Amino acid sequence: MDIVSKVLEKAEKDAEEKYKSIHVEKHLELEYDLGTLLAIDINDLDLKTLRSDQDKYLKDLARDNAQLLINKIWELPSERIDEAIVVKLPPPSFILPRENPVPKPKPISKWQKYAQEKGITKKRKSKVTWDEVLKKWVPNYGYKRAEAEKQKDWLIELPGNADPLEDQYAKKMDIKKEKVAKNEFQRLKNLAVSKNIKVPRVGITSAEKLSSEQ
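Quick note on numbering: the sequence shown equals residues 14 to 227 in our numbering.
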């Protein structure tokens with residue numbers, strides 16, 4: 014019987030050494046912010062133990078404080094979801110700093126700079142305009158706008174000095190494409206200026222001279 018008691022006592026002692034107790038004693042209670050899973054230990058360090066075995070002391074201190082934090086978390090209301098037991102954290106009380114720096118303000122475009130200098134304010138445009146030819150309200154953009162243009166341009170008056178054999182529909186389409194290309198070029202030019210990229214006045218920069226940013 015004594016042998017069995019000794020074996021059980023040794024097994025219990027080994028288990029205690031391997032698995033530490035969840036109960037941790039501190040002179041002063043830790044400060045908690047469970048919303049950010051933060052625990053602040055305001056107790057003084059044991060400098061003698063710290064100097065004798067720094068690595069073990071810091072590991073034990075971290076383990077004990079983590080255990081206290083986990084104990085505090087499980088004091089919150091819990092619920093079972095599927096096979097797991099979860100708790101809902103309260104709102105954080107500490108404001109943590111950003112991980113990344115605050116983004117720099119974007120440089121203003123050429124038009125925005127001009128508008129500021131001239132005191133021009135942006136006015137909200139209407140989504141529709143009255144068409145005198147069709148006698149109805151027409152959207153300013155979208156597929157319905159294109160349909161309205163087709164209805165209005167079923168007949169194009171031939172200018173007096175125009176070639177009678179010239180396709181006026183194709184000419185109008187070419188003018189529209191040219192305007193779109195011009196606006197796109199100006200947009201890219203403004204983008205290049207905002208990023209301090211030099212744009213050639215004449216011609217197009219070859220692909221060999223383009224940088225990764227360009």
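The beta-carbon is built from N, C-alpha and C at its ideal position, and this holds for glycine as well. Computed from a predicted model, the values in this text were never measured in an experiment.
Rounded C-alpha distance that separates residue i from residue j
i, j, result
"Asp77", "Val37", "6 Å"
"Ser106", "Glu25", "42 Å"
"Thr62", "Asp73", "11 Å"
"Tyr182", "Gln129", "40 Å"
"Pro56", "Asn113", "It should be noted that the sequence gives Asn, not Pro, for residue 56. The alpha-carbon atoms of Asn56 and Asn113 are separated by roughly 32 Å."
"Leu51", "Ile121", "41 Å"
"Trp150", "Arg158", "10 Å"
"Asp180", "Val206", "39 Å"
"Met14", "Asp68", "Summary for Met14: the model assigns pLDDT 49, below 50, so the residue's position carries little reliability; its value from the coordinates is reported in the next sentence. Their backbone Cα atoms lie some 42 Å apart in a straight line."
"Glu145", "Ser139", "17 Å"
"Val58", "Tyr70", "Sequence inspection shows Leu at residue 58; the Val mentioned does not correspond to that position. When rounded, the distance between both Cα atoms is 10 Å."
"Ser18", "Lys85", "36 Å"
"Pro172", "Ile210", "44 Å"
"Pro118", "Ala194", "29 Å"
"Leu178", "Lys192", "24 Å"
"Leu60", "Asp66", "10 Å"
"Ile133", "Lys184", "35 Å"
"Asp166", "Met186", "12 Å"
"Asp54", "Ile83", "14 Å"
"Arg137", "Ala175", "39 Å"
"Phe198", "Leu204", "10 Å"
"Lys135", "Ile188", "27 Å"
"Leu168", "Arg200", "34 Å"
Outcome for residue i when other beta-carbon atoms lying within 10 angstroms are tallied against a minimum of 16
i, result
"Leu81", "buried"
"Gln227", "Caution is warranted here: a pLDDT of 49 is assigned to Gln227, below 50, making its placement in the model unreliable, and the coordinate value is therefore given only provisionally. Exposed, since its Cβ has fewer than 16 Cβ neighbours within 10 Å."
"Glu22", "exposed"
Residues bridged to residue i [DSSP beta-bridge criterion]
i, result
"Trp244", "Residue 244 falls outside the range modelled here, since the chain spans only 14 to 227, and no answer is possible."
"Ala79", "Ala79 pairs with nothing; no bridge assigned."
"Ala159", "Answer by DSSP bridge pairing: none, since Ala159 is not bridged."
"Tyr45", "Ala52"
"Glu92", "Val99"
"Val151", "Thr142"
**Request:** Taking only runs that begin and end inside the stretch 106-148, name each unbroken beta strand (DSSP E) of 3 or more residues, in chain order.
**Result:** 141-144
**Prompt:** Would the stretch 123-134 and the stretch 91-104 be scored as touching if the rule is three or more Cβ pairs under 8 Å?
**Reply:** no
**Asked** Does the stretch 34-53 come within contact of the stretch 104-118, defined as at least 3 CB pairs closer than 8 Å?
**Response** Yes, the stretch 34-53 touches the stretch 104-118.
**Request:** Can you check the stretch 167-214 for any alpha helix (DSSP H) of at least 4 residues that lies completely inside it and give the ranges in chain order?
**Result:** 181-207
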